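**Student:**
Residue numbers (the UniProt record's numbering): 1 to 485.
(1) Would you mind giving the Cβ-Cβ distance between residue 357 and residue 330, rounded to the nearest angstrom? I have them listed as a contact below 8 Å.
(2) Just to confirm the assignment: which complete beta strand (DSSP E) runs, minimum length 3, are found wholly within the stretch 18-75?
(3) Return the Cβ separation of residue 234 and residue 270 in integer angstroms, given the expectation that the two are a contact with Cβ distance under 8 Å.
(4) Cβ of residue 410 within 8 Å of Cβ of residue 327?
(5) State the start and end residues of the unbroken alpha helix (DSSP H) segment that holds residue 161.
(6) With a Cβ-Cβ cutoff of 8 Å, do residue 421 and residue 448 count as a contact?
(7) First and last residue of the alpha helix (DSSP H) that includes residue 214?
(8) Using only the alpha-carbon positions, how far apart do residue 260 and residue 294 sit?
(9) Provide the residue span of the alpha helix (DSSP H) that contains residue 339, from first to last.
(10) In whole angstroms, what is the alpha-carbon distance linking residue 12 and residue 43?
(11) Given a cut-off of 8 Å on the beta-carbon distance, is the pair residue 56 and residue 80 in contact?
(12) Report buried or exposed for residue 51, applying the criterion of at least 16 other Cβ atoms within 10 angstroms of its Cβ.
(13) How is residue 354 classed by DSSP in three states: helix, strand or coil?
(14) Do we get a CB-CB distance below 8 Å when we pair residue 109 with the residues of chain C?
(15) Is residue 171 helix, strand or coil when you go by DSSP?
(16) Let me make sure I understand the geometry here. Which of 289, 254, 105, 114 has the alpha-carbon closest to that of residue 159?
(17) Distance, Cα to Cα, residue 167 vs residue 257?
(18) Quick check on residue 323: buried or exposed, where buried means 16 or more other Cβ atoms within 10 Å of its Cβ?
(19) Got a sec, what are the start and stop residues for the alpha helix (DSSP H) residue 129 sits in?
(20) Just the Cα atoms here: how many angstroms apart are residue 443 and residue 386?
(21) Inspect the beta-carbon positions of residue 206 and residue 185 and report whether they are closer than 8 Å.
(22) To the nearest angstrom, how far is it from the Cα of residue 462 to the Cα of residue 450?
(23) Anyone know if the C-beta pair for residue 118 and residue 83 falls short of 8 Å?
(24) Kindly indicate the opening and closing residues of the beta strand (DSSP E) around residue 275.
(25) Please go through the same chain and pick out, in chain order, the residues whose beta-carbon is closer than 6 Å to the beta-carbon of residue 110, but skip the five residues on each side of it.
(26) Would you kindly work out how many angstroms separate the C-alpha atoms of residue 91 and residue 68, rounded to a whole number?
(27) Whose C-beta lies closer than 8 Å to the C-beta of residue 377 among residues of the same chain, with five residues either side of it excluded?
(28) Can you tell which of 362, 345, 419, 221 has the C-alpha that lies nearest to the C-alpha of residue 309?
(29) Do the CB positions of residue 247 and residue 200 come within less than 8 Å of each other?
(30) Taking 8 Å as the cut-off, decide whether the C-beta atoms of residue 243 and residue 217 are in contact.
(31) According to the neighbour-count rule (16 or more other Cβ atoms, all chains shown, within 10 Å of its Cβ), is residue 389 buried or exposed?
(32) Could you work out which residue in 102, 125, 124 is closest to residue 131 when comparing CA atoms only?
(33) Bridge partners of residue 228, per DSSP?
(34) May I have the straight-line CA-CA distance separating residue 66 from residue 38, to the nearest angstrom?
(35) Should residue 475 go down as buried or exposed, given a rule of 16 or more other Cβ atoms within 10 Å for buried?
(36) Using 10 angstroms around the beta-carbon of residue 359, count the other beta-carbons present and answer buried if the total reaches 16, otherwise exposed.
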């Protein structure tokens, strides 16, 4: 195909290739194609000789006329497609070598568009398929008991049946599957429609019941990585299925069921079932992550706050190299020194603040109720001072009402939490926050989102402008806005 609109020499022609490649590292594939493909002849030739820059692309939704000229040249090099729109303006058949599709939306992807993907010839050759919707676990909890009267639920089970039967069979090449919407209880599906998928190595799901984990993974005998979010197991529920799986990485996030009636089932969370489930993988696990922050754990629960019982569980895992743990003890204001002392002889380092306890370094992206480093206690105080990456995984922080955004805290967040993008101020009263915002010369340039709940916006307005120069999303809840003057 003949090149068109190739311009004359520019200052870019005086840059060596190494400098241009370095510039490309800061740009997306879409930016590179639209900006440089027809910029001049030298850059066009440079891109054609380095087709790796076309490998990962966000689905084109604008400048489609220009794309018509570029597509025949670059489409065969595209291996990964990121979809962030509700339609598919370009058919997938134009990308014959596609190996990965990732759908990222803050809302449901239209069913008809999803069926187009599932029924396409390209889907059979995919190695990775992810549907990632930005929602919390409880946003999609459905009342399956009213199946006959709930048209939305009926549509949901039809949709999920079509998706899951396409995944759990032997007619695709998928190695990685991620599905963030809540999957309905396994017993609602016709299990005879599912087949064993020997190619799946990585599975990320949000499911209704904890014991459903052991139904789904029996269809994936070669699974190595499992990331599951579900409600906590309760002691009135069925015992777990026995399976033979050689999982190496297990990530569990368990959420309390707000519809659970403790008057009917007063004994609550069944930690024996949880431990028995984990023990099934004890001979092969390399990494175990337990996020129990939203599990509504109470002081009466012995596990996991009995350090010896947690230690016994971990000791059974002879190959374990990484352990990540995060929990909140409801019903008390602070984790006591007595509880922390139970972990003093552990191989792993633990930290606490308020009524939270976690392994250190901290490997979760959300840090709750943070005030200051000085309030953190640990069974290994040395790690708080010597490990510069102790909070590097934190992307969201919820500040305690006792926090003061002064020079000290700002400096700490900037240095110790370089990946922080979201700050939450929740339920602050006026007396709590009148001294909260102290003017500082330090700026948190990576923070793009702030959620403020429960105090006069006028107080924090100047701080937001000065301290967060790249703020893009300001979420206000139950708040009085400043005057327009």
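Positions of the beta carbon are idealized from the N, C-alpha and C atoms, including for glycine. Predicted model only: the values in this text are computed from it and were never measured.
**Tutor:** On the basis of the coordinates in this document:
(1) Contact doesn't hold; Cβ gap of about 12 Å is too wide.
(2) List check, beta strand (DSSP E) in window: 56-58.
(3) Between residue 270 and residue 234 the Cβ distance is about 6 Å, and since that is below 8 Å, they are a contact.
(4) The answer is no: Cβ separation not under 8 Å.
(5) Per DSSP, residue 161 belongs to the alpha helix (DSSP H) from 151-167.
(6) The Cβ-Cβ distance between residue 421 and residue 448 falls below 8 Å.
(7) Looking at the DSSP string, the run of the alpha helix (DSSP H) that includes residue 214 is 213-216.
(8) Confidence in residue 260 is poor, its pLDDT being 49 and thus under 50, which makes the residue's placement too unreliable to answer from.
(9) Its alpha helix (DSSP H) spans residues 337-341.
(10) One C-alpha to the other measures close to 8 Å.
(11) For residue 56 and residue 80, yes; Cβs fall inside 8 Å.
(12) So residue 51 ends up on the exposed side.
(13) If DSSP states are grouped into helix, strand and coil, residue 354 belongs with coil.
(14) Included in the structure is just one protein chain, with no chain C present.
(15) Residue state, collapsed to three classes: coil.
(16) Nearest to residue 159 by alpha-carbon distance, out of 289, 254, 105, 114, is 114.
(17) Cα-Cα distance, rounded: 28 Å.
(18) Classification of residue 323: buried, given that the 10 Å Cβ count is 16 or more.
(19) Per DSSP, residue 129 belongs to no alpha helix (DSSP H); it is in the beta strand (DSSP E), 128-133.
(20) Approximately 24 Å, taken between the alpha carbons.
(21) No, Cβ-Cβ distance for residue 206 and residue 185 is not below 8 Å.
(22) The C-alpha of residue 462 lies about 14 Å from the C-alpha of residue 450.
(23) The answer is no: Cβ separation not under 8 Å.
(24) Residue 275 -> not in any beta strand (DSSP E); alpha helix (DSSP H) instead, spanning 271-279.
(25) Apart from the 5 residues on each side of it in sequence, residue 110 sits with its Cβ closer than 6 Å to the Cβ of 86 in its chain, given in chain order.
(26) Per the coordinates, the alpha-carbon of residue 91 lies some 12 Å from the alpha-carbon of residue 68.
(27) Contacts found: 335, 337, 340, 351, 352, 353.
(28) Nearest of 362, 345, 419, 221 to residue 309, Cα basis: 345.
(29) A distance of 8 Å or more separates the beta carbons of residue 247 and residue 200.
(30) A contact, by the Cβ cut-off of 8 Å.
(31) Flag for residue 389 reads exposed.
(32) In terms of CA proximity to residue 131, 102 leads the group 102, 125, 124.
(33) Residue 228 is bridged to 205, 252.
(34) Residue 66 and residue 38 have their alpha carbons spaced roughly 10 Å apart.
(35) It is exposed - the Cβ of residue 475 has fewer than 16 other Cβ atoms within 10 Å.
(36) Counting Cβ neighbours within 10 Å, residue 359 comes out buried, since at least 16 surround it.
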